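Residue numbers (this note's numbering), protein chains in the order written: chain A, 1 to 374; chain B, 375 to 660.
Heads up, the beta-carbon is just placed ideally off N, CA and C, and yes, glycines get one too.
Keep in mind the model is a prediction, meaning the values are calculated, not measured.
Heads up: the structure comes next, in C-alpha cells.
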Amino acid sequence: MTTTQNSSPIVDSFLQDLPVAGAQVELDRLVRVFGQTRALDGFSLTIERGEFVALLGPSGCGKTTALRVLAGFERLDSGRVVVNGQDLARISAQNRDMGMVFQSYSLFPNMSALNNVAYGLRMRKQRARQRRKKAGELLELVGLADQASKYPHQMSGGQQQRVALARALAIEPRVLLLDEPLSALDAKVRAELRDQIRSLQQRLAITTVFVTHDQEEALSMADRVCVMKAGRIEQTATPATLYSRPATAFVAEFVGVSSRVPVERSGDDVLVFGQRCPVREGAETTPRDSIDALLRPEDLAIEVNRDGKGFVTHRSFLGATTRLVVQVGEIPVRVDIRSETAAEIELGNHVNLRVISRDVLVAPRIGNDLSATS
Amino acid sequence: MAALIPEIAYEETQGGVPQVEGDPQRRRRPRLRYWRGIVLFFAGAYFLIPLYAGLRFSFENDAGQFSLYAVKAIPSQTGFSAAFFLSLRLAAVTTVLTMVLMVPTATYVHLKLPKMRRVLDFVTILPIVIPPIVLILGVLDAAPLWLRASPYLLSLVYVILALPFVYRSLDAGLSAIDLKTLVEASRSLGGKWVGTLWHVILPNLRAAMLSAIVLTIALVLGEFTMASLDLWTTLPVWIYQFSQLDAHIATAVSMLSLLGTWLLLTVIVSVDRSQSRRTRRRTGAL
Numbered sequence: 001m002t003t004t005q006n007s008s009p010i011v012d013s014f015l016q017d018l019p020v021a022g023a024q025v026e027l028d029r030l031v032r033v034f035g036q037t038r039a040l041d042g043f044s045l046t047i048e049r050g051e052f053v054a055l056l057g058p059s060g061c062g063k064t065t066a067l068r069v070l071a072g073f074e075r076l077d078s079g080r081v082v083v084n085g086q087d088l089a090r091i092s093a094q095n096r097d098m099g100m101v102f103q104s105y106s107l108f109p110n111m112s113a114l115n116n117v118a119y120g121l122r123m124r125k126q127r128a129r130q131r132r133k134k135a136g137e138l139l140e141l142v143g144l145a146d147q148a149s150k151y152p153h154q155m156s157g158g159q160q161q162r163v164a165l166a167r168a169l170a171i172e173p174r175v176l177l178l179d180e181p182l183s184a185l186d187a188k189v190r191a192e193l194r195d196q197i198r199s200l201q202q203r204l205a206i207t208t209v210f211v212t213h214d215q216e217e218a219l220s221m222a223d224r225v226c227v228m229k230a231g232r233i234e235q236t237a238t239p240a241t242l243y244s245r246p247a248t249a250f251v252a253e254f255v256g257v258s259s260r261v262p263v264e265r266s267g268d269d270v271l272v273f274g275q276r277c278p279v280r281e282g283a284e285t286t287p288r289d290s291i292d293a294l295l296r297p298e299d300l301a302i303e304v305n306r307d308g309k310g311f312v313t314h315r316s317f318l319g320a321t322t323r324l325v326v327q328v329g330e331i332p333v334r335v336d337i338r339s340e341t342a343a344e345i346e347l348g349n350h351v352n353l354r355v356i357s358r359d360v361l362v363a364p365r366i367g368n369d370l371s372a373t374s
Numbered sequence: 375m376a377a378l379i380p381e382i383a384y385e386e387t388q389g390g391v392p393q394v395e396g397d398p399q400r401r402r403r404p405r406l407r408y409w410r411g412i413v414l415f416f417a418g419a420y421f422l423i424p425l426y427a428g429l430r431f432s433f434e435n436d437a438g439q440f441s442l443y444a445v446k447a448i449p450s451q452t453g454f455s456a457a458f459f460l461s462l463r464l465a466a467v468t469t470v471l472t473m474v475l476m477v478p479t480a481t482y483v484h485l486k487l488p489k490m491r492r493v494l495d496f497v498t499i500l501p502i503v504i505p506p507i508v509l510i511l512g513v514l515d516a517a518p519l520w521l522r523a524s525p526y527l528l529s530l531v532y533v534i535l536a537l538p539f540v541y542r543s544l545d546a547g548l549s550a551i552d553l554k555t556l557v558e559a560s561r562s563l564g565g566k567w568v569g570t571l572w573h574v575i576l577p578n579l580r581a582a583m584l585s586a587i588v589l590t591i592a593l594v595l596g597e598f599t600m601a602s603l604d605l606w607t608t609l610p611v612w613i614y615q616f617s618q619l620d621a622h623i624a625t626a627v628s629m630l631s632l633l634g635t636w637l638l639l640t641v642i643v644s645v646d647r648s649q650s651r652r653t654r655r656r657t658g659a660l
C-alpha cells in the first residue's frame with residue numbers, strides 16, 4: 001500500500017488549480033436535545049480558515065452530533081452555524097459544500113473507485129471527461145491511481161477510506177468533515193492514513209473538523225483540540241497546551257495520564273507531599289472543598305530515600321523513559337523518569353516524590369476514588 | 375419436523391455435558407446421509423409427482439397416447455391470446471405500481487421512521503389474513519363505475535395482495551446495506567433525494583427488487599378468485615374455463631405458465647448468487 005501522498009506533475013497541476021480552500025466556521029451556542037439528553041448544550045467554537053480542529057471526548061459527549069449539525073444531517077434546537085459569514089440554517093446538507101468521510105465504509109458498492117470519486121462532480125453536472133480527469137487526479141493524490149477500476153468490495157478498509165477521502169475532496173469542499181474515519185482500521189493502517197490525512201490537509205489548506213475518541217489521533221493531527229463533555233466544551237487548546245496545562249480535572253484525566261493526590265490548602269498554595277506549590281489559575285474549587293492535585297507523571301521527580309514515604313511497586317519501560325508506580329499511603333502515583341536513572345531504582349525501594357512543575361492543577365475530591373487515572 | 379433434524383448419538387458424561395461418541399465426523403456422516411436421502415425422496419415426490427402427472431397429461435391425446443397436439447394448439451385457441459396479454463398487462467401495471475409505491479415507502483421508513491417497521495410489518499401481512507373474496511367484493515362495492523369497468527382495477531387490488539411479499543423483499547434488501555451512511559454520503563456530495571434514490575439506492579437494491587418483481591408477476595399470473603369475480607378473463611380464468619372444453623390444452627397452458635415462472639426464479643437466483651459472491655469477497659477483503 002502506498003502510504004505517502006504522491007507528488008507528480010498531474011497532482012502538482014491539480015493542486016495549483018485548486019481555489020483558495022478553507023472557510024471560517026462559527027458554531028454559536030448550539031443546542032440539540034434528544035429526549036432527556038442534551039447532546040449539545042450551548043456548544044460554541046470558532047474554527048479559522050485552513051485550521052484542523054479535532055473534537056475529542058468520550059462516547060456520548062456530543063462530538064458526532066456537532067459534526068452532523070455542521071454537515072446539515074442534524075437539526076438544531078437553537079444556535080447558529082455560520083460558514084464564511086453565511087448562516088446555514090436554511091441550507092440543506094446537499095448544498096453546504098462539505099466533504100465528509102464517515103466512520104463506516106461509505107463508498108457506493110455499485111460504483112468503481114473512480115466513479116465513487118466522480119460522484120459529487122456528476123451531481124454538480126460536470127462533463128464526463130472533466131470529472132473522469134479530476135477523479136483520476138484525486139485517486140493519484142491519495143496514492144490509489146492503480147485502483148481506479150476496483151469496486152469497494154475488492155479493496156481493503158484502508159484503501160476504501162482513502163477513496164472516501166478523495167471523494168470528499170473532489171467537490172472542493174469549504175470544510176472537510178472526518179467522523180472517526182480511522183476507527184475501523186487496524187493500528188498500522190490507521191497510523192499511515194493518519195499521516196496522509198494530515199499531510200493532505202496541510203497541502204490543501206482546507207478547514208477540517210475531525211471527530212475522534214482517540215486522544216493520540218487528536219493530539220498528533222490537530223492544530224487545536226476541543227475536548228468535550230456532556231455537550232459542552234471543557235477546553236480548546238493546542239495539543240501541547242492541552243497536555244501540559246489542562247484547564248479542568250476532566251481534561252487532565254481524559255488526555256494523557258494523571259495521578260489524583262489528596263492535598264491540603266496552605267493559604268493560596270497547596271501542600272503536595274509536604275511541598276508548597278502554587279495552584280494553577282482557573283481551578284474549579286471553593287475554599288471549603290476537599291481537593292486533589294492532578295499530577296502528570298513528568299511533573300514529579302523521585303529520589304531514593306530509606307525514610308521515604310512511598311515505595312516503588314511497578315515499573316514499565318517506555319524507551320527513553322521508564323514509568324514507575326510509587327505507592328504513597330493508599331495512593332498509587334505514576335512517575336516518568338529517564339530510563340538510565342530508573343535502572344538504579346529497584347522495586348520496593350523507599351522514595352520521596354517532589355513536584356517539579358511550576359504549579360499544580362487542583363480539583364474537588366471525588367468520593368473515595370483516590371486512584372491514578374489515565 | 376423432528377424427523378428432519380439429524381440425530382447424533384450422544385452419551386451423557388459425568389458432568390452432564392453431552393459428547394459425541396467417538397469421532398464426531400465419522401459418526402455423523404452415515405446418519406446424515408440416511409436422513410438426507412429420506413427427506414429428499416419425500417420432498418422430491420411431493421413436488422415432482424404432480425408435475426409429472428401434469429406434463430404427461432399435456433403430452434397425451436384423448437386416446438391416452440403421446441402427442442404434441444395440445445402444445446401446438448395453444449396459440450390458436452379462442453380467447454387464449456387475449457387472456458394471456460391481459461394477464462401480462464396486469465402484471466406489468468401491478469409491478470410498476472407496487473415498485474413506485476413500495477420502494478420509496480420502505481426506504482423512507484428505514485431512514486426516517488425505523489420504529490414504524492414493526493407497524494408496517496403487521497399492516498403488510500393483513501392481505502394474507504383477509505380472504506381475497508372479501509377484498510374484491512368490498513372493492514367492487516366501493517369503486518366508482520369507470521374504475522369497475524377497467525381491468526386495471528384488478529392491478530390496484532393486486533398491489534395490496536403483493537404487499538406482504540414485496541415489503542419483505544425490500545425490507546431485507548434495505549437491511550443488508552448501510553442505507554443511512556450511503557444516503558448521507560450522497561447528500562454531502564450534493565446528491566438530491568431523487569438522484570440519491572436513482573444512483574445509489576436502487577442499484578444496491580437490485581436483487582431485492584428483482585425478487586419482489588418476480589413474486590408480484592407470479593402472483594398476478596396465478597390469481598384466479600379476484601379476476602373471476604371481477605368478470606375479467608385472465609390466464610388462470612381462461613385455463614379454468616377452457617379446461618371444461620379441452621383439459622389437455624388447459625393443462626399444457628398451466629405447465630407453460632409454470633415454466634415461465636421457473637425461468638424468472640432462475641434469473642433471481644443467479645442475480646442473488648452473484649451478489650452473495652460479491653459480499654463474500656468483500657468480507658474476505660476486509
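DSSP-derived helix/strand/coil call for residue i
{"i": "T590 of chain B", "result": "helix"}
{"i": "R245 of chain A", "result": "coil"}
{"i": "R34 of chain A", "result": "Looking at the sequence itself, residue 34 of chain A is Phe, so the reference to Arg does not match. F34 of chain A: strand per DSSP, three-state reduction."}
{"i": "S441 of chain B", "result": "coil"}
{"i": "M155 of chain A", "result": "coil"}
{"i": "D336 of chain A", "result": "strand"}
{"i": "V413 of chain B", "result": "helix"}
{"i": "D146 of chain A", "result": "helix"}
{"i": "A624 of chain B", "result": "helix"}
{"i": "A372 of chain A", "result": "Legend: pLDDT at A372 of chain A = 42, less than 50; position of this residue unreliable, value from coordinates given subsequently. A372 of chain A falls in the strand class under three-state DSSP."}
{"i": "P297 of chain A", "result": "helix"}
{"i": "E395 of chain B", "result": "With a pLDDT of 47 at E395 of chain B, under the threshold of 50, the modelled position of this residue cannot be trusted, and the question is left open."}
{"i": "Q94 of chain A", "result": "helix"}
{"i": "K125 of chain A", "result": "coil"}
{"i": "N116 of chain A", "result": "helix"}
{"i": "N578 of chain B", "result": "helix"}
{"i": "V257 of chain A", "result": "coil"}
Residue j beta carbon less than 7 Å from that of residue i
{"i": "V211 of chain A", "j": "D179 of chain A", "result": "yes"}
{"i": "A550 of chain B", "j": "L593 of chain B", "result": "no"}
{"i": "G120 of chain A", "j": "I197 of chain A", "result": "no"}
{"i": "L144 of chain A", "j": "R162 of chain A", "result": "yes"}
{"i": "L609 of chain B", "j": "A465 of chain B", "result": "no"}
{"i": "L76 of chain A", "j": "V69 of chain A", "result": "yes"}
{"i": "A148 of chain A", "j": "L107 of chain A", "result": "no"}
{"i": "R80 of chain A", "j": "N116 of chain A", "result": "no"}
{"i": "P246 of chain A", "j": "L219 of chain A", "result": "no"}
{"i": "T481 of chain B", "j": "I575 of chain B", "result": "yes"}
{"i": "S259 of chain A", "j": "R334 of chain A", "result": "yes"}
Cβ neighbour criterion (16 or more within 10 Å) applied to residue i
{"i": "G158 of chain A", "result": "buried"}
{"i": "D436 of chain B", "result": "exposed"}
{"i": "D336 of chain A", "result": "buried"}
{"i": "I502 of chain B", "result": "exposed"}
{"i": "K229 of chain A", "result": "buried"}
{"i": "Q215 of chain A", "result": "buried"}
{"i": "S644 of chain B", "result": "exposed"}
{"i": "H314 of chain A", "result": "exposed"}
{"i": "F52 of chain A", "result": "buried"}
{"i": "F73 of chain A", "result": "buried"}
{"i": "F273 of chain A", "result": "buried"}
{"i": "S112 of chain A", "result": "buried"}
{"i": "R296 of chain A", "result": "buried"}
Same chain only: Cβ atoms within 8 Å of residue i, ignoring 5 sequence neighbours per side
{"i": "V227 of chain A", "result": "L56, G57, I233, E234, Q235, T236, L242, F250, V251, F254 and V255"}
{"i": "F616 of chain B", "result": "Q451, G453, F454, I623, A624 and V627"}
{"i": "S441 of chain B", "result": "F433, E434 and N435"}
{"i": "D87 of chain A", "result": "R80 and V81"}
Presumed contact (8 Å Cβ cut-off) between residue i and residue j, rounded CB distance
{"i": "G99 of chain A", "j": "L169 of chain A", "result": "6 Å"}
{"i": "L300 of chain A", "j": "L353 of chain A", "result": "5 Å"}
{"i": "A71 of chain A", "j": "R96 of chain A", "result": "7 Å"}
Sequence-distant residues of the same chain with beta carbon closer than 6 Å to residue i, five excluded per side
{"i": "S78 of chain A", "result": "V31"}
Own chain residues within Cβ distance below 7 Å of residue i, not counting five before or after
{"i": "W612 of chain B", "result": "G453, F454 and A457"}
{"i": "V531 of chain B", "result": "L509, I510, V513 and M600"}
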